[in-house]
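Here is the structure we will look at.
Number of protein chains: 2
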Amino acid sequence: MAKIIDPSEVARKFRSELRAQIAELSQPLTLVGFLSTDSAPSRTYAEYTRDACTDVGIRFDLREVDRFQLEDAIEVANADPAVHGIMAYYPIFGVERDRYLKDLVDPGKDVEGLTTHWAHKLYRNERFADAEKTKRAILPCTPLAILKLLTAADCDPAGKKVVVFNRSEVVGRPLARMLANDGAEVVSFDVDGALRFDAAREVETTTTRGEALATADVVITGVPSRNFPLVSARELRAGVVCVNFSTLKNFADDIGEVAGVFVPRVGPMTVTMALRNVLRLFEGYHRRAAS
Amino acid sequence: MAKIIDPSEVARKFRSELRAQIAELSQPLTLVGFLSTDSAPSRTYAEYTRDACTDVGIRFDLREVDRFQLEDAIEVANADPAVHGIMAYYPIFGVERDRYLKDLVDPGKDVEGLTTHWAHKLYRNERFADAEKTKRAILPCTPLAILKLLTAADCDPAGKKVVVFNRSEVVGRPLARMLANDGAEVVSFDVDGALRFDAAREVETTTTRGEALATADVVITGVPSRNFPLVSARELRAGVVCVNFSTLKNFADDIGEVAGVFVPRVGPMTVTMALRNVLRLFEGYHRRAAS
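Protein chains in written order, with the working numbering: chain A, 1 to 291; chain B, 1001 to 1291.
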């Protein structure tokens, strides 16, 4: 039977390290969250962020702002030296306009790693923000959370064959690139077809789902649709590592019979990585400015 | 009967001015176009750009690049001092990833005004790129083309009531903001409802299409759907200025009976504004560097 990895347990270890590091700082860290919709999941995620911040000793300042005032509010937070991190709860308007808002956040406060600034570094495998390699680049939270969960499962992606179902700009594509940067050979599926990512490139491939799954060492799913045919035991190799980051079930129950490891959800690690990014941004961008 | 404004005729005047200004430069201007899909409209638009460049004396360098190599190709063009302007023919991947590509273009070479850098200035009504007000901000081509066509129709938006059907981030929203920056009161409709833009703000409004059209001085349409109920004479005030930038017909034939001016299409002015932006960027960003 597959070993089940509980992301809350992995998150607990990271949070305990964060708590210790934050306790040693000479000043409090502040994360500002912007809530601009009535969406229940967004409010839930905001409250969840607050709990996680409390847990590690970060001050969380939730600002409920009319969505038409959000642009100005982000600028105020960008300019405020007492704010060390900024996140907003999307979706707010829609893909195109939300993308514009994401890019207004100062990269030095972008705890979600969603700005073009950080995405660009990721896609070029630039791991530092400066030539002296003192400031580590910020990585997007969910892909980073998945990499940390693979580590927790003793799975090093180098040399592995990984299949990812999801190619969004927020999770699936940066995840595929990060895995490939770390030496994996990745096949990425979405409604537009299959792409293969290796260390150097991203190319179209005719590989089918069946072929890709039959040889996969790691399968990662994030398909927010009930029409997705669940990944089942008969499609998989024995010992495969399975990770689901969708809020829906993407794996059939029978995968427990063949998988070596199953990570059924990622959420608690995602918010933990955002908090880790608050600390990393403080170390790279705010500490020196403040001292 | 409405006066018909032919955008080709207006474009001809702009191009003749551009041709004269470009002829006086000490070095040739180069615009690079990136074609990364098999889309027939994209190729047509690329050929159209070439003709327009030839017309005004700009060197057009069309680069056909695999879409997975486009990111690198944009960086090469960004770094090349012999390239003064860059444009790409979208859509290439889809809204989210295309947005990422648009933001990779150096703002100093972004002739389409599509980067977050220029959008941000527009939404804040910052008309210059520098504090000394020597470098004029770049405006997106289609909204700018529409403003110039209004001028050609002797229509100053200041104090006017304008209705815009379309709120895309590429045309409708920047257009509404530009008109409002110039003193118009704008009601913007799209599938998500109506927004009112004035000089200071953008807010939701309960104004209906009927109410907005009945008092409009200017009506601008850009709806790429055959399901859009055509704007008809009985909805409009006498003397209204009507502009259609959709490739589809958005006005009924009978508007000629009530409209003062009708601009049936915008296309030839859009590409002309891109060429104007090449010159403007050269003056602001490249001439000094080169001298």
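A virtual CB, placed ideally from N, CA and C, is assigned to each residue, including glycine.
- Taking a C-beta cut-off of 8 Å against chain B, the contacting residues of the segment 112–127 of chain A are 116, 119, 120 and 123, listed in chain order.
- Per the DSSP secondary-structure output, residue 1058 of chain B pairs with nothing in a beta bridge.
- Between residue 10 of chain A and the set A/25, A/152 and A/32, the nearest pair of CA atoms involves A/152.
- Residue environment analysis places residue 1226 of chain B among the exposed positions, since fewer than 16 neighbouring C-beta atoms fall within 10 angstroms of its C-beta.
- Judged by DSSP in its simplified three-state form, residue 1022 of chain B adopts helix.
- Boundaries for residue 1092 of chain B: no alpha helix (DSSP H) harbours it, and the DSSP string shows neither H nor E there.
- Using a Cβ distance threshold of 7 Å, residue 1056 of chain B and residue 1022 of chain B count as a contacting pair.
- Judged by DSSP secondary structure, residue 1210 of chain B falls within the alpha helix (DSSP H) whose first and last residues are 1209–1215.
- Listed along chain A is no residue with a C-beta nearer than 8 Å to that of residue 1035 of chain B; the closest approach is about 17 Å.
- Taking C-beta separations shorter than 7 Å and ignoring five residues to either side along the sequence, the partners of residue 1270 of chain B in its chain run 1141, 1142 and 1145, following chain order.
- When C-beta atoms of the segment 74–93 of chain A are compared with those of the segment 41–55 of chain A, three or more pairs fall below 8 Å, so the two segments count as touching.
- Taking the beta carbon of residue 1100 of chain B as reference, the chain A residues within 7 Å of it are 116, 119 and 169, listed in sequence order.
- Taking 7 Å as the cut-off, the beta carbon of residue 1125 of chain B is found no closer than this to the beta carbon of residue 1078 of chain B.
- Taking 7 Å as the CB threshold, residue 198 of chain A stays off the interface with chain B.
- Counting along the chain, the unbroken alpha helix (DSSP H) around residue 1148 of chain B starts and ends at 1141–1152.
- Within the same chain, 1136 and 1138 come within 7 Å of residue 1280 of chain B by CB-CB distance, once the 5 residues on both sides are set aside.
- Closest in C-alpha terms to residue 238 of chain A, from the list A/112, A/214 and A/186, comes A/214.
- Against residue 1068 of chain B, the close residues of chain A are 195, 201, 202, 203 and 204, in the order they occur along the chain (beta-carbon pairs closer than 9 Å).
- Chain-order list of chain B residues neighbouring residue 95 of chain A: 1095 and 1096, by C-beta distance under 7 Å.
- Annotation: the continuous alpha helix (DSSP H) that includes residue 1074 of chain B extends over 1070–1079.
- At least one beta carbon of chain B lies nearer than 7 Å to the beta carbon of residue 103 of chain A.
- Taking all protein chains shown into account, residue 161 of chain A has 16 or more neighbouring C-beta atoms within 10 Å of its C-beta and is therefore buried.
- A Cβ-Cβ contact shorter than 7 Å links residue 246 of chain A with residue 223 of chain A.
- Sixteen is the threshold: when 16 or more other Cβ atoms of the shown chains lie within 10 Å of the Cβ of residue 1110 of chain B, as they do, the residue is buried.
- In chain order, 251, 252, 254 and 255 place their CB closer than 8 Å to the CB of residue 232 of chain A, counting only its own chain and leaving out the 5 sequence neighbours on each side.
- For the C-beta of residue 71 of chain A, the chain B residues within less than 7 Å are, from N- to C-terminus, 1123.
- DSSP places residue 1125 of chain B in the coil class of the three-state scheme, outside both helix and strand.
- Between residue 1035 of chain B and residue 1064 of chain B, the CB-CB gap stays under 7 Å.
- Secondary-structure assignment with DSSP links residue 1034 of chain B through a beta bridge to B/1063 and B/1088.
- The C-alpha of residue 1210 of chain B lies about 38 Å from the C-alpha of residue 1049 of chain B.
- Look at the segment 147–208 of chain A and you find these whole runs of beta strand (DSSP E), each 3 residues long or longer: 161–165, 185–190, 193–197 and 202–204.
- Annotation: the continuous beta strand (DSSP E) that includes residue 1244 of chain B extends over 1241–1244.
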